[in-house]
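What follows is a short report on a single structure.
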Amino acid sequence: MEWNKVKSMLIALLLVVNLLLALNIQTLISSQRANEQESLGLALSLLEKAGAQFDSQQFWDMPRSTAVLLGERSTEREAQIAGALLGEASLNEAGGGVSIYTSAAGSVVFRSGGLFEAELNDGTNPADLLEHIVQTVQVRGMGYEISGDEEAVSAQLLLDGWMVAGAVLTCRATEEGAAASGRWYFGGEPVSEGAGVSRAEMVVALTRIAYERPLNILNVQLVYAQEQLRSGVRLSPAWRIELENEQIFLNGSTGQEISVE
Amino acid sequence: MRERLKSAVLALLFVSMLVLLFVSLTLGVESDEGLLSRVFGVPATAEETELQPAPAAEARVLAFCTPSGVRMPESSEEKNEMLSAFSAVYSEAVGSIGQASGITRRQYLALLDAPAVYLGFDTELPLSLLRTWVGYDAAGFESRLRSLVVSADDDGVVIAWYDMSAEEYRMAPTAAAAAQLAQLCTGWDEPNAVFAFQDAGFSALREDEPVLLSLITAAVYSVQPSGFAQSGEVPRELLAGFDINPYLARVYEESGDMVYVEGYNVLRAGAQGELVYTSGGEQGISLGLSYSQVDDQSLLLEGTRVLLDELSAQAGAGGVYSLREISTDENGETTILFDLLLDGWPVLADRPAARVTVRGGRVTYLRMEPHRFEAAGEQTVLPARQAAAALQGERGLCLSVRYVPDEEGLLIPTLCSSEALYGVE
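Here the protein sequences come in this chain order: R and V. Residue numbering for the first sequence follows the working numbering, starting at 1 and increasing by one per position. Residue numbering for the second sequence follows the working numbering, starting at 1001 and increasing by one per position.
Here you go:
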């Protein structure tokens, strides 16, 4: 048989195999989606039976899948931002995860868990200082929202468009310049540590709470909670459930109720 | 030309077949082990993690000095919440501790003022061990203490303690954030306690002992010893935890105890519920330490504590093990004693809840008493003021809740006084 004909047959065979594999993938994806939607529907009916009041569309609008992210603390990036703010600065590793950069222009302090303080005495205004910081350390997938006035401006850290709870940087005017303080993310691009639980599992966790106390759910929102580690931070997805008089947070990887700053 | 095109198309289709096959197999699978399981039916193996130093001694008492007064936790849940909130400032303070200097008793007591946090242990601990437990090196910190205060003064955050070796009060500066400490103490601003030196009614206690004034109600527990000897069998998973192969071990009964022997390893399940493991020769249960780690006290403690937790879980037992004492003899053999805690409070017993001997990173002796605990009601603990009144004339005592066995074998939460007894060499 000519090699030419063999090639033609192999091409036809591979076309069929690839088509079947593609159909298989499509079927798997559709099946997973259908199962997930069915599970969520059943979970929402359980939540309703538990006496909770809610708008189910809010749960359908929540992301199907979330990831727990791990961000390593980066001394290089910290040195980079300190250099950008202070010029040539000396470093004092005070221990306990505290890094203090100082120069004639002021000081910058990095602490574990993303805590940050900076004071500049070169006439910088708060808005410029804030923009400078958040743009210098921005990594892929992270954004921010700015708010405030001439006296004080704040930036709220966002991850894939979702709020990172407690990650707010505020800059205020001082006599000689500006001061910044708060919590931010100064590490490298975070990597996935694992997937969060499904929407259905989160609703089931909420159902357990609904059996303990009445729930009138006004809003459901995804946020990221920062957990301080020795070498960086863990960014875990969490559901923020707004009730009439309080808000509760459910950990997106365990379904347990947590407290978030 | 046509041949070349066909060859290129063939190669492309082959590569895309491989890609589609990979996607098809990994869709919905999160790990390599999960992929193996899907393809070959191989069970996923648990990921082995490297041992890291972690606190092996639970805090006996915790008190926040708030602007309104002193706040102590009223339940184990609140204690865990307060410890978790304090952990960041504590790690920073202990990790950045500077040169310590002697201070007077009056200066020390003045630090017990907002914002400050007092942390007390049931055993004497070296400061070096506390540093390794929060991830920092131990070098150069020889002080030994049973409690410490993290406090903010005009110059920043300091740590102060009574040094048991030097028999003096000491204070050291730290680089911890004073604003964080202040915010922490403000967040728990509902006072329910005092320090002993602030109230004449507690003159029998250590001056810096925090005393909870509010009434606490805690669970009463019934105790069921593990009935392995009575049932005639130790579960296979538990045997495996002791590195004993259930298929190769010789089993016999002796004086009501079940004895398993494999080589130099012997496990005795006593009639009273205790488990005693001994090993001769160069064997023993490995703690997973490398040759360079076998002398690292904090890793030894963590390895032992993890082993006890695993054995306890396999035995279906309850409680949390907390370090009571650790010592190393001239032969390099380390003996570690643990107490058992229920809901964060120690169970009072004639002997330690667990005793472990380690040599060369291997456990050569282990005794534990895995028990199941069931809630059997509630009890309001005697108010501290009444308990202190009964101690008039004494000095230097600590006052804390412990679980005390009664005549019926129930564990009753009881306010107990104690002096400093144990320590870590």
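Each residue gets a CB set at the ideal place from its N, CA and C atoms; glycine is no exception.
- The secondary-structure analysis by DSSP pairs V:R1372 across a beta bridge with V:Q1224.
- Contact annotation: in the region 38 to 62 of chain R, no residue has its CB less than 8 Å from a CB in chain V.
- Taking R:A84 as the centre and dropping the five residues before and after it, the same chain places the C-beta of H132 and T136 closer than 8 Å to its C-beta, in chain order.
- At a C-beta separation below 8 Å, R:V17 has these neighbours in chain V: M1017.
- Across the region 1174 to 1188 of chain V, CB contacts with chain R closer than 9 Å involve T1174, A1175, A1176, A1177, A1179 and Q1180, in sequence order along the chain.
- Listed along the chain, the chain R residues whose CB falls inside 8 Å of the CB of V:L1027 are I25, L28, I29 and Q32.
- Chain V has a Cβ within less than 7 Å of the Cβ of R:G95.
- Among the CB atoms of chain V, one or more fall inside 7 Å of the CB of R:I11.
- For the pair R:L243 and V:L1127, the Cα-to-Cα distance works out to about 45 Å.
- Look at the region 218 to 238 of chain R: the residues with a C-beta under 7 Å from a C-beta of chain V are Q228 and R230.
- DSSP links V:P1346 through a beta bridge to V:L1341.
- With fewer than 16 neighbouring CB atoms inside 10 Å of its own CB, R:L13 falls in the exposed class.
- In the pairwise beta carbon analysis, the region 1101 to 1118 of chain V is classified as touching the region 1152 to 1159 of chain V: at least three pairs are separated by under 8 Å.
- Contact between V:A1389 and V:L1399 is absent: CB atoms are separated by about 12 Å, not below the 8 Å threshold.
- Short of 8 Å from the beta carbon of R:G188, and not among the five residues preceding or following it, lie these beta carbons of its own chain, in chain order: G71, E72, S74, R77 and V139.
- Separation of the CB atoms of R:A167 and R:L157 is rounded to 4 Å, and the pair is thereby assigned contact status at 8 Å.
- For V:N1265, the number of other beta carbons within 10 angstroms of its own is at least 16, and it is reported as buried.
- Scanning V:G1303, V:D1137, V:P1246 and V:A1219 for the CA closest to the CA of V:E1237 turns up V:P1246.
- For V:G1156, no CB of chain R lies under 7 Å from its own CB, so it is not counted at the interface with that chain.
- Within the DSSP secondary-structure output, V:T1278 pairs in a beta bridge with V:V1266 and V:Y1365.
- Proximity of chain V to R:R199 at the Cβ level (cut-off 7 Å) is not reached, the minimal Cβ distance being about 16 Å.
- Of the residues assessed, R:N251 falls on the buried side of the cut-off, its CB having 16 or more other CB atoms within 10 angstroms.
- In this structure, the CA atom of R:E193 is about 12 Å from the CA atom of R:P237.
- Listed along chain V are E1092, S1096 and A1175, each with a C-beta nearer than 7 Å to that of R:V98.
- Following the DSSP letters along the chain, one finds R:M62 in no alpha helix (DSSP H), marked with neither H nor E.
- Apart from sequence neighbours up to five positions away, the residues of its chain that approach V:A1229 with a beta-carbon distance below 7 Å are G1256, D1257, M1258, A1269, G1270 and A1271, ordered along the chain.
- A Cβ-Cβ separation of about 6 Å places R:I11 in contact with V:V1009 under the 8 Å criterion.
- The shortest CA-to-CA distance from V:Y1090 to any of R:Q228, R:E257 and R:Q37 is the one to R:Q228.
- Using a Cβ-Cβ cut-off of 7 Å, V:S1101 does not count as an interface residue toward chain R, since no Cβ of chain R sits closer than that to its own.
- For the pair R:Q57 and V:N1192, the Cα-to-Cα distance works out to about 45 Å.
- At a cut-off of 7 Å between C-beta atoms, V:A1375 does not count as an interface residue with respect to chain R.
- Taking all protein chains in view, the Cβ of V:K1079 is crowded by 16 or more other Cβ atoms within 10 Å, so the residue is classified as buried.
- Rounded to the nearest whole angstrom, the CA to CA distance from V:T1335 to V:Q1297 is 11 Å.
- The beta-carbon of V:K1006 is placed less than 7 Å from the nearest beta-carbon of chain R.
- Annotated three-state conformation of V:D1122 is strand, per DSSP.
- Using beta-carbon distances, V:S1076 does not count as an interface residue toward chain R, since no partner is under 7 Å.
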